[in-house]
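As structure tokens, the structure follows; a few thoughts come after it.
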Amino acid sequence: MKSIALHNLGCKVNGYEMDVMQQMLQDCGYQIVPFDQIADIYIVNTCTVTNIADRKSRQMLHRARKRNPKAVVVAVGCYVQTGQEAVLRDAGVDLAIGNNRKGKLVPILEEFLARKEKGEPVGEGAKTLDGRTVIDINHTDEYEDMRLKETAGHTRVFIKIQDGCNQFCSYCIIPYARGRVRSRGQEEILEEVRGMAAHGYREIVLTGIHISSYGTDRGGQELPGLIEAIHKIEGVDRIRLGSLEPRIVTKEFAARLAGLPKVCPHFHLSLQSGCDSTLKRMNRHYTTGEYYEKVALLRDAFEHPAITTDVIVGFPGETEAEFKQTEAFLEKVKFYEMHVFKYSPRKGTRAAAMEGQVAEEVKAKRSARLLGMVCRDSRQYREYYIGKEAEALFEEEKEIAGEAFQVGHTKEYVKVAKRGEKTLQGSIAHGRILGFLAEDVLWME
Numbered sequence: 008m009k010s011i012a013l014h015n016l017g018c019k020v021n022g023y024e025m026d027v028m029q030q031m032l033q034d035c036g037y038q039i040v041p042f043d044q045i046a047d048i049y050i051v052n053t054c055t056v057t058n059i060a061d062r063k064s065r066q067m068l069h070r071a072r073k074r075n076p077k078a079v080v081v082a083v084g085c086y087v088q089t090g091q092e093a094v095l096r097d098a099g100v101d102l103a104i105g106n107n108r109k110g111k112l113v114p115i116l117e118e119f120l121a122r123k124e125k126g127e128p129v130g131e132g133a134k135t136l137d138g139r140t141v142i143d144i145n146h147t148d149e150y151e152d153m154r155l156k157e158t159a160g161h162t163r164v165f166i167k168i169q170d171g172c173n174q175f176c177s178y179c180i181i182p183y184a185r186g187r188v189r190s191r192g193q194e195e196i197l198e199e200v201r202g203m204a205a206h207g208y209r210e211i212v213l214t215g216i217h218i219s220s221y222g223t224d225r226g227g228q229e230l231p232g233l234i235e236a237i238h239k240i241e242g243v244d245r246i247r248l249g250s251l252e253p254r255i256v257t258k259e260f261a262a263r264l265a266g267l268p269k270v271c272p273h274f275h276l277s278l279q280s281g282c283d284s285t286l287k288r289m290n291r292h293y294t295t296g297e298y299y300e301k302v303a304l305l306r307d308a309f310e311h312p313a314i315t316t317d318v319i320v321g322f323p324g325e326t327e328a329e330f331k332q333t334e335a336f337l338e339k340v341k342f343y344e345m346h347v348f349k350y351s352p353r354k355g356t357r358a359a360a361m362e363g364q365v366a367e368e369v370k371a372k373r374s375a376r377l378l379g380m381v382c383r384d385s386r387q388y389r390e391y392y393i394g395k396e397a398e399a400l401f402e403e404e405k406e407i408a409g410e411a412f413q414v415g416h417t418k419e420y421v422k423v424a425k426r427g428e429k430t431l432q433g434s435i436a437h438g439r440i441l442g443f444l445a446e447d448v449l450w451m452e
């Protein structure tokens with residue numbers, strides 16, 4: 008039995024795909040071992056969202072080679088997709104597999120192992136250089152079906168519903184790494200959700216590269232219909248959505264979701280900047296005024312929904328005046344949580360070649376200003392629940408301040424803790440919120 012060590016880099020979509028690949032390998036009899044152990048085969052699920060992600064992908068591949076020089080080192084995913092020539096030149100990699108062939112990992116790997124000694128190319132469209140092989144890097148118009156049977160935790164599970172992106176934001180390499188939008192068939196999704204519910208998973212999180220585009224490659228917007236179909240599945244108690252494009256939020260969209268009690272009122276609306284001129288340079292297809300209208304629609308439809316977002320500081324050409332516009336807009340919206348990123352040039356994107364690159368020390372100062380705002384607004388959002396009844400799905404037992412607590416999340420993804428040694432993992436419980444147990448944890452009675 009050959010041993011395989013796997014390591015994942017990047018987004019939740021990559022994490023979902025890594026879980027599926029691990030299941031496929033286990034089903035075929037491979038022994039899965041930790042990545043820091045000696046293994047016969049190392050598989051790195053790579054990321055390419057930034058130049059730093061590229062570097063980390065290379066580092067993990069080379070770390071595997073150093074750990075066992077005789078092992079087969081396999082690179083899969085986004086870095087392979089965008090850096091094909093670099094991968095071919097990399098002596099640390101034996102086999103590289105593009106995003107659209109992750110679902111065929113096992114037969115590709117087994118064919119490679121069987122023919123490795125002969126030095127023959129493996130698979131249709133394979134390229135070789137000094138014995139290294141790259142499998143089918145070209146993009147596809149078809150969604151490659153990958154599905155989970157089970158994963159760790161038995162509370163919350165991510166379900167991938169689409170791949171690819173058509174937005175071509177000026178700072179983003181993902182459309183080149185993942186290709187155009189490809190939607191998964193609804194019945195395939197529902198079949199996976201039914202299986203997860205049968206295994207006891209209470210919360211379904213819909214994820215993808217750009218889930219707001221689900222169904223648009225087939226001529227329509229199918230996300231609301233998919234959510235309604237999942238809502239009917241017995242055993243599913245919660246449906247949480249991944250990152251949404253603001254433009255998908257209409258009065259009808261908000262009303263349809265508000266009519267589904269299982270839908271979590273937690274909406275991650277990607278913003279990136281609170282300045283219209285910066286948004287235009289980013290090639291984002293909305294204005295701050297339009298964005299605010301979408302937030303208002305959700306707040307009208309749901310009681311105290313959690314609105315979260317991403318913000319990039321130091322985008323090329325961002326002046327102090329433009330940054331202050333972003334600050335003012337964030338003050339106006341008052342998000343529950345914000346992920347703040349310092350702009351990092353990504354080779355191959357239009358933004359990397361733009362004039363007016365912002366100094367790192369300026370980015371750091373702007374990031375710190377926004378992070379201070381995040382702490383304040385997040386606390387204010389949580390304070391709303393003090394003295395109120397709340398419902399939480401519990402996931403783990405954790406020691407806080409020397410005592411055993413059961414820890415979980417509300418539908419709004421607010422972390423709560425309930426005292427007691429009796430495990431609540433995988434169950435939904437109600438209680439009154441007494442106050443703060445820690446900076447980011449509310450105490451449930």
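Here the sequence shown is numbered in the numbering used here, starting from 8 and rising by one per residue.
Idealized CB from N, CA, C, for every residue including glycine.
In the DSSP annotation of this structure, the continuous segment of the beta strand (DSSP E) that includes I407 starts and ends at 396-407. Relative to M31, the option among A308, I115, K354, G105 whose CA is nearest is I115. When secondary structure is reduced to three states using DSSP, T53 falls in the strand class. By the neighbour-count criterion, in which a residue is buried when 16 or more other Cβ atoms sit within 10 angstroms of its Cβ, F175 is exposed. DSSP places F330 in the helix class (H, G or I) of the three-state scheme. Your pair V365 and E334 does not check out as a contact, with CB atoms roughly 15 Å apart and the cut at 8 Å.
Straight through space, the alpha carbons of E452 and E396 are spaced by roughly 9 Å. Excluding sequence positions up to five before and after S219, its CB lies within less than 7 Å of the CB of L230, L251, E252, I255, all in the same chain and listed in chain order. A Cβ-Cβ distance of about 6 Å is found for the pair V320 and K349, placing them in contact under the 8 Å criterion. Listed in chain order, the non-local C-beta contacts of R376 below 8 Å within the same chain comprise E334, local neighbours out to five positions each way being set aside. Here R74 is near I45, since their CB atoms are less than 8 Å apart.
CA-CA distance, Y178 to R439, rounds to 44 Å. By DSSP's assignment, D170 forms a beta bridge with R189. Within the DSSP secondary-structure output, H311 pairs in no beta bridge. Cβ-Cβ separation between I181 and I216: approximately 6 Å, consistent with a contact (criterion under 8 Å).
The residues A236, I237, I240, in chain order, have a CB closer than 8 Å to that of L197 in the same chain once the five nearest residues on each side in sequence are set aside.
Exclusion of the five residues before and after S190 leaves Y150, I168, Q169, S220, Y221, G222, T223, D224, R225, E229 as the residues of its chain whose Cβ lies within less than 8 Å of its Cβ. For I59, there is no enclosing beta strand (DSSP E); the residue is part of the alpha helix (DSSP H) that begins and ends at 58-74. Distance from the CA atom of D317 to the CA atom of F260, rounded to whole angstroms, is 22 Å. When the five nearest sequence neighbours on each side are left out, the beta carbons in the same chain lying within less than 6 Å of the beta carbon of I393 are those of I440, G442, in order along the chain. Bridge pairing for T257: absent [DSSP]. A direct Cα-to-Cα measurement between G110 and M28 gives close to 7 Å.
If you draw a straight line from the Cα of I435 to the Cα of E404, it comes to about 14 Å.
Using a 10 angstroms sphere on the CB of T295, the tally of other CB atoms reaches 16 or more, which defines it as buried. Judged by DSSP in its simplified three-state form, T316 adopts strand.
Taking C-beta atoms under 8 Å as the contact rule, D43 and V79 fail to qualify, at a distance of about 17 Å. Straight-line spacing of the CA atoms in A12 and Y49 works out to 5 Å.
DSSP places K339 within a helical segment (H, G or I) once states are collapsed to three. When the alpha-carbon of K370 is set against those of G409, A358, P323, the nearest one is in P323. Across the set Y208, S284, R306, the C-alpha of R306 shows the shortest separation from the C-alpha of L264.
For I314 against Y343, the beta-carbon gap comes to about 6 Å, under 8 Å, which counts as contact.
The Cβ atoms of V83 and V94 do not sit closer than 8 Å to each other.
Of the other Cβ atoms in all chains shown, 16 or more fall within 10 Å of the Cβ of C18; this residue is therefore buried. In the DSSP annotation of this structure, the continuous segment of the beta strand (DSSP E) that includes G84 starts and ends at 79-84. Ranking R163, M25, K422 by CA distance to the CA of E446 puts K422 first. Pairing A359 with L68, the inter-Cα distance amounts to about 26 Å.
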